[in-house]
Amino acid sequence: MYFLSLSILLASLISPSLQASLQDTLGSHPNLTSFAEQLGKLPGILDRLESSDTPLTILAPDNAAMAKTIYYPVLGPAFQSADPEETRFIMQYHVLPGKHTSDMMNSTFQYYSTWLDNSTYANVTGGQKVGGVIQAGAIPQMVWTSGFSSRSIVREADIEFDGGVLHIIDSLVIPPTSFPDTASRFSLAVELYGLNSFVGAMYATPNTTLASLLNTTTDVTIFAPNNVAMESVTPTITDLSNATLQDLLAYHVVLSQSGSGSLFSTSFGNDTKITTLQGESLTLTFSSNSWFVNSARIINQDLLLSNGVMHVLDNVLSPNASNAQPVPASATQAPVLQTTLAAEFNSSMAPFTTNLPNAVVTTEQGTDGYVGSVTVSGTGGGAIQTSRPSSSSGSGGSSSGAVNARVGEIVMVWVGVVVLGLALLMA
């Protein structure tokens, strides 16, 4: 017992300087050679990592994850072109100030600042955020979430080096993008519960001040009703005047108060009132394991944005119904605006979708980048471009036309093959 206690004491007294350096630690893990090679191409960030005076946490993608970089819709162009500036920003997003080991993390999500603090990519206080959690199970699992709710599962945790701790992850963490871009990608999953209608509503009036504010304001929080929620209050919402519609939409937006940052679910308080951009208050309530905003249930929370966070609702909010109370026993909350019958729902008929903005994701340098702020060019019918445009596509065009044309070509080829096959069978 004496020798065991002495061993523990000696281990606790070992100087961090006697621990392995970052480069030695990376070199001792064969599944991190690609990550180490990438850092080697970025001497500025490598020097900063090795000379940091404070502990760091590094999320290190394994070789399999790094091999897939060119296939990432958002990250791919930066790695394909080997752009040192853009890849540096991506790598910065994998570094967290402070030492965050598995025994220090919670079973509920916490949101940590990263080194990604360039205003184009992280228009948030204290650096862009990444979510971390220890998920329960037979073997507890550390998971990190990033832009577009991407999940990076930790394959090996708590690898200590002289500057902090390193976790090996199975996929890169993805820097969040703008509100329109994030909402557009979210809508690709299930159209019925997408956000195209809410995004289109922001651009439905000649005065796009509110839409511009959502793309440029630091630490914004957006409560976004999904397509079903928007359609359920048609034609009431489409019959509103431009001013009334803008007023209603502003009631879904909360700005940072005195540098408090964006409003993540981890900072929600039960029966808490928060002031909206419109001026009236919202009430947050927790009941039956769900969060509610007035009477609307939050069905997806903490979607990271380049300038804040977004929460998805099952109902449209109204400043004229700020006292609406939730009914937790009901799976879907009753609309507070006049509604159509549930039997009439048709996701393809969600309002305002023809007003979606034409947008190109740009970098601070104005090059054809892949993350950061969105440059909006007009309204109506345009898809949001989310990858680097080709040299022939122009700087502000939509990528949807080329994609649709290509799909059409493929369909026509297959139709030709089928017709030819039938002709041969009948001959």
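In mature numbering (1 follows the signal peptide of the UniProt record, and there is no 0), the protein residues as written are -19 to -1, 1 to 408.
Using N, Cα and C, we set each Cβ at its ideal position, and we do this for glycine too.
Since the model is a prediction, treat every value here as computed from it, not as a measurement.
Range of the contiguous alpha helix (DSSP H) that encloses residue i
| i | result |
| --- | --- |
| N177 | 177 to 183 |
| F90 | No alpha helix (DSSP H) holds F90; DSSP gives it neither H nor E. |
| L3 | 3 to 8 |
| S213 | 208 to 213 |
| P58 | 57 to 61 |
| F16 | 14 to 21 |
| D229 | Per the sequence presented here, residue 229 reads as Leu, with Asp not at that position. 223 to 231 is the extent of the alpha helix (DSSP H) around L229. |
| Q73 | 65 to 73 |
| S193 | 190 to 197 |
8 Å Cβ cutoff met for residue i and residue j
| i | j | result |
| --- | --- | --- |
| A46 | I150 | yes |
| S237 | D283 | no |
| S94 | L77 | yes |
| S287 | S193 | no |
| L230 | A182 | yes |
| P332 | E212 | yes |
| Q109 | P157 | yes |
| N251 | N208 | no |
| F129 | T163 | yes |
| S276 | Q319 | no |
| P309 | S248 | no |
Neighbourhood of residue i by C-beta, 6 Å cutoff - its chain only, sequence neighbours within 5 removed
| i | result |
| --- | --- |
| F273 | T266, P307 |
| N223 | T186 |
| P300 | Y232, Q259, E261 |
| P254 | Checking the sequence shown, residue 254 turns out to be Lys, not Pro. Closer than 6 Å at the Cβ level, and outside the excluded window around K254, lie S262, T264. |
| T256 | S262 |
| A103 | L97, Q109 |
| S243 | D200, T202, G289, V290 |
| I26 | R69, M72 |
Contacting residues, own chain, Cβ-Cβ under 7 Å from residue i (five flanking each side not counted)
| i | result |
| --- | --- |
| A59 | E67, T68, I71, Y351 |
| residue 413 | As shown, the chain starts at -19 and ends at 408. That puts residue 413 outside it, with no answer to give. |
| G240 | T106 |
| E141 | Q(-1) |
| residue 415 | Here the chain has residues from -19 to 408 only, and residue 415 is not among them. |
Contact belief for residue i with residue j at Cβ below 8 Å, rounded distance in angstroms
| i | j | result |
| --- | --- | --- |
| V235 | T202 | 4 Å |
| V297 | A210 | 5 Å |
| I280 | V290 | That pair is no contact at about 15 Å. |
| K80 | T38 | 6 Å |
| N44 | S15 | 5 Å |
| A17 | L7 | 4 Å |
| L153 | L13 | Wrong, their Cβ atoms sit about 13 Å apart, outside the cutoff. |
Residues near residue i by beta carbon distance below 8 Å, same chain, minus five either side
| i | result |
| --- | --- |
| M86 | G113, V114, I115, M123 |
| L226 | A182, A185, T186, I218 |
Local Cβ density within 10 Å of residue i, reported as buried at 16 or more and exposed below that
| i | result |
| --- | --- |
| G260 | exposed |
| D5 | exposed |
| N188 | exposed |
| R132 | exposed |
| Y74 | buried |
| I120 | exposed |
| P216 | exposed |
| P161 | buried |
| Q61 | exposed |
| A312 | exposed |
| A305 | buried |
| G21 | exposed |
| Y53 | buried |
Segment limits, beta strand (DSSP E) that includes residue i
| i | result |
| --- | --- |
| S268 | 262 to 268 |
| I26 | Per DSSP, I26 belongs to no beta strand (DSSP E); it is in the alpha helix (DSSP H), 24 to 32. |
| D283 | 277 to 286 |
| T101 | Here T101 belongs to no beta strand (DSSP E), and DSSP marks it neither H nor E. |
| S133 | 132 to 142 |
The ligand PLP heavy atom lying under 7 Å from the CB of residue i
| i | result |
| --- | --- |
| I155 | In the structure shown, the ligand PLP is absent, as is every other ligand, since no ligand is present at all. |
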